[in-house]
Amino acid sequence: MSVRTLKGNGRWWALAGCLLWLAFTFFPLYWVAITSFKTPLGVVGGPTYIPFVDFQPSLSAWRELLSGERGQFYNTFIASTIIGLSASLIATAVGSMAAYALVRFTFRVKLLSALLFVVVAFGGYLICYNIFRIGQALSLIYAFLAALSLAVASSRLRLPGPVLGNNDIVFWFVSQRMFPPIVAAFALFLMYTEMGKIGLKLVDTYVGLTFAYIAFSLPIVIWLMRDFFEALPIEVEEAAMVDNVPSWRIFIGIVLPMSKPGLIATFMITLAFVWNEFLFALFLTHSKWQTLPILVAGQNSQRGDEWWAISAAALVAIIPMVIMAGILSRFMRSGLLLGAIK
Amino acid sequence: MTRNDPIKHVFIWPALLIVLVISIFPLIYSLTTSFMSLRLVPPIPPRFVGFDNYTALLQNPRFWHVAWTTSIIAFIAVALQYVIGFAVALALNARVPGEGLFRIGFLLPMLVAPVAVALIARQVLNPTMGPLNELMTIFGFPNLPFLTQTKWALGAIIAVEVWQWTPFVILMLLAGLQTLPDDVYEAAALENASPWQQFWGITFPMMLPISVAVVFIRLIESYKIIDTVFVMTGGGPGISTETLTLFAYQEGFKKFNLGYTSALSFLFLIFITIIGLVYLAILKPYLEKHK
Numbered sequence: 001m002s003v004r005t006l007k008g009n010g011r012w013w014a015l016a017g018c019l020l021w022l023a024f025t026f027f028p029l030y031w032v033a034i035t036s037f038k039t040p041l042g043v044v045g046g047p048t049y050i051p052f053v054d055f056q057p058s059l060s061a062w063r064e065l066l067s068g069e070r071g072q073f074y075n076t077f078i079a080s081t082i083i084g085l086s087a088s089l090i091a092t093a094v095g096s097m098a099a100y101a102l103v104r105f106t107f108r109v110k111l112l113s114a115l116l117f118v119v120v121a122f123g124g125y126l127i128c129y130n131i132f133r134i135g136q137a138l139s140l141i142y143a144f145l146a147a148l149s150l151a152v153a154s155s156r157l158r159l160p161g162p163v164l165g166n167n168d169i170v171f172w173f174v175s176q177r178m179f180p181p182i183v184a185a186f187a188l189f190l191m192y193t194e195m196g197k198i199g200l201k202l203v204d205t206y207v208g209l210t211f212a213y214i215a216f217s218l219p220i221v222i223w224l225m226r227d228f229f230e231a232l233p234i235e236v237e238e239a240a241m242v243d244n245v246p247s248w249r250i251f252i253g254i255v256l257p258m259s260k261p262g263l264i265a266t267f268m269i270t271l272a273f274v275w276n277e278f279l280f281a282l283f284l285t286h287s288k289w290q291t292l293p294i295l296v297a298g299q300n301s302q303r304g305d306e307w308w309a310i311s312a313a314a315l316v317a318i319i320p321m322v323i324m325a326g327i328l329s330r331f332m333r334s335g336l337l338l339g340a341i342k
Numbered sequence: 001m002t003r004n005d006p007i008k009h010v011f012i013w014p015a016l017l018i019v020l021v022i023s024i025f026p027l028i029y030s031l032t033t034s035f036m037s038l039r040l041v042p043p044i045p046p047r048f049v050g051f052d053n054y055t056a057l058l059q060n061p062r063f064w065h066v067a068w069t070t071s072i073i074a075f076i077a078v079a080l081q082y083v084i085g086f087a088v089a090l091a092l093n094a095r096v097p098g099e100g101l102f103r104i105g106f107l108l109p110m111l112v113a114p115v116a117v118a119l120i121a122r123q124v125l126n127p128t129m130g131p132l133n134e135l136m137t138i139f140g141f142p143n144l145p146f147l148t149q150t151k152w153a154l155g156a157i158i159a160v161e162v163w164q165w166t167p168f169v170i171l172m173l174l175a176g177l178q179t180l181p182d183d184v185y186e187a188a189a190l191e192n193a194s195p196w197q198q199f200w201g202i203t204f205p206m207m208l209p210i211s212v213a214v215v216f217i218r219l220i221e222s223y224k225i226i227d228t229v230f231v232m233t234g235g236g237p238g239i240s241t242e243t244l245t246l247f248a249y250q251e252g253f254k255k256f257n258l259g260y261t262s263a264l265s266f267l268f269l270i271f272i273t274i275i276g277l278v279y280l281a282i283l284k285p286y287l288e289k290h291k
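Residue numbers (UniProt numbering), protein chains in the order written: chain Z, 1 to 342; chain B, 1 to 291.
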């Protein structure tokens, strides 16, 4: 028994507090679940609480929803699933690679090269757009390519000034999350629209939304996976290196299998983030690739107080993540998430 | 120990490129647009206007009102999340009976889509058909305007934020509590320190670095709030619960006033950076004292 275990009365007070919080947590979820089984009359007639006692449960809301006579539920559900799974899979893969590289390899980026990138990207865009009168989309692409190649080329030169190391790169990745997403969502929408004018359709497409989600999940993935890789014993990898196993085979054959729990947890956290995301989907899609949160949010303005139907729709968005919470809590107990905050 | 191997470029460039493209493009685009007068509806040709968009915003009382509303929601919600989250984490760490069940239950709200939460809140808070109304009627307050009167609506939004994000605080603080060493508490128990003294003398100071980080993350995230407000009140009544992100959405997507919206999002970025820096500056002496 640990010294910190509560004794006597304190224990029961803590239990009472926890039960109170549990009631507060579960009541809304319970409420939405039972409301989805009520009939229209049962909802308007005032609150009822216990099925079979207070009211007769009915499947009418679910039947209506699943028959598809009220909006394109199947399409939206499938779109959400495809985007969610592929975005989190790619983000976890790409992010793990970057996180591994940042843990095991040395990176040195000269501050001047980084500044050069920003200056050339801005200047190039302004010059292309205002002086050469090239369209916005092409100006952005040219400016980006010029800035990138100049920055990479300049990093080979001997430049004075401070040098950024691995930790600075990690900080740069993570700091992307500090940005208010409205800045990015709005600009991305305009940029996608511009790209559409030169024939690259990105608004309301699979590629457009998934790409945005991958980019915005990468900071979290890199943050979580870096802590995870750092905790792995390096001896195994060193032994493989002595045998001249190439680095990519060490990564795929040794490191990834060892970090399976971390990869799964990171994947699920990313999936929850993408599945529930609202702002980007609101800006970047309008019909074909609309995701569940947008459809669910729209229920309210379309239907007013038809709570039975709204509840069923909301549950479709909630249930997959609830199942995931059950799985995630196992990882939580294994202490995986401990590392993430150090 | 890090090593050098050309293959490192293969590992890092995919992630680097994706984030660069998605972060630098919008940055260039919106920063340049913020200095221009650009409208899509009605279409007028872009014109360089310098800081006009910024000064117009700073003189717009609606901007200050929206910033104030967002701050109230963020600060009160995060304070409540922290206090409740810490209490629950302490209880779980002290092996309250049924702790395993609580852990799964407490995690749940975090994973529910905020729009779904807001829709549930609208049902529960319905002034005539909702269960909360029935409860309040028993106490003699029938038909309270939960979502249609400013103070109640702000309270409702804060309550929903607390419901949804306290689990995050619990998760992080619980992980932190589990890393604290046992021997300090054993020594304190020998000295007959009361649980109250142990908390303020040992637990709280040792948890300070994690607390600072958790509150910081929650504060920054809370300032971004849109989906809950969008569904629950739509910013109403009037504009009294409108938040910064919702304001930007209205200006950009309803009025298509692009220059103005870009300037707004950058002011938002500056605002949030200042708040983050002030927060860290205030807490720095305490953090160093306990190191």
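Cβ coordinates follow ideal geometry from the N, Cα and C atoms, glycine included.
What are the residues that DSSP puts in a beta bridge with residue i?
| i | result |
| --- | --- |
| residue 110(Z) | 163(Z) |
| residue 48(B) | 36(B) |
| residue 257(B) | 39(B) |
| residue 168(B) | In the DSSP output, where bridge partners are listed per residue, residue 168(B) has none listed. |
| residue 51(Z) | 55(Z) |
| residue 3(B) | 105(Z) |
So for residue i, helix, strand or coil by DSSP?
| i | result |
| --- | --- |
| residue 122(Z) | helix |
| residue 38(B) | strand |
| residue 133(Z) | coil |
| residue 246(Z) | coil |
| residue 9(Z) | helix |
| residue 233(Z) | coil |
| residue 293(Z) | helix |
| residue 180(Z) | coil |
| residue 63(Z) | helix |
| residue 286(Z) | coil |
| residue 203(Z) | coil |
| residue 40(Z) | helix |
| residue 285(B) | helix |
| residue 141(B) | coil |
| residue 192(B) | coil |
| residue 60(B) | coil |
| residue 155(Z) | coil |
| residue 266(B) | helix |
| residue 53(B) | helix |
| residue 340(Z) | Note that residue 340(Z) scores 44 on pLDDT, short of 50, meaning its location in the model is unreliable and no value can be drawn from it. |
| residue 210(Z) | helix |
| residue 198(Z) | coil |
| residue 149(B) | coil |
| residue 179(B) | coil |
| residue 236(B) | coil |
| residue 193(Z) | helix |
| residue 70(B) | helix |
Let's see if you can read the secondary structure: which residues bound the alpha helix (DSSP H) around residue i?
| i | result |
| --- | --- |
| residue 26(B) | 8–33 |
| residue 74(Z) | 73–104 |
| residue 226(B) | No alpha helix (DSSP H) contains residue 226(B), which DSSP labels as neither H nor E. |
| residue 262(Z) | 260–276 |
| residue 255(Z) | Per DSSP, residue 255(Z) belongs to no alpha helix (DSSP H) and is neither H nor E. |
| residue 133(B) | 131–138 |
| residue 196(B) | 195–198 |
| residue 247(B) | 244–249 |
At least three beta-carbon pairs within less than 8 Å, the region 53–61 of chain B to the region 203–217 of chain Z
no
If you pair each beta-carbon of the region 250–270 of chain B with each one of the region 21–36 of chain B, do three or more pairs fall below 8 Å? yes
In chain order, each alpha helix (DSSP H) run of at least 4 residues that lies wholly inside the region 84–116 of chain B: 99–111
Q) Touching or not, the region 115–133 of chain Z and the region 76–83 of chain Z, by the rule of three or more beta carbon pairs under 8 Å? A) no
Inter-stretch contact (C-beta, 8 Å, three-pair minimum) for the region 96–109 of chain Z and the region 162–180 of chain Z: yes
Q. Taking three-plus beta-carbon pairs below 8 Å as touching, is the region 85–97 of chain Z in contact with the region 264–272 of chain Z?
A. yes
Quiz item: Three or more C-beta pairs closer than 8 Å, one from the region 207–222 of chain B and one from the region 168–175 of chain B: is that the case here?
Solution: yes
inquiry  = Tell me whether the region 311–324 of chain Z and the region 229–243 of chain Z touch, counting them as touching only if at least three CB pairs, one residue from each stretch, are closer than 8 Å.
reply    = no
Between the region 218–231 of chain B and the region 69–76 of chain B, can you find at least three pairs of beta-carbon atoms closer than 8 Å? yes
Three or more C-beta pairs below 8 Å linking the region 229–239 of chain B and the region 140–154 of chain B: yes
Quiz item: Would you say the region 38–45 of chain Z touches the region 7–26 of chain Z, given that touching needs at least three Cβ pairs under 8 Å?
Solution: no
Measuring CB atoms only, is the region 219–233 of chain Z touching the region 96–103 of chain Z, in the sense that at least three cross pairs come out at less than 8 Å? yes
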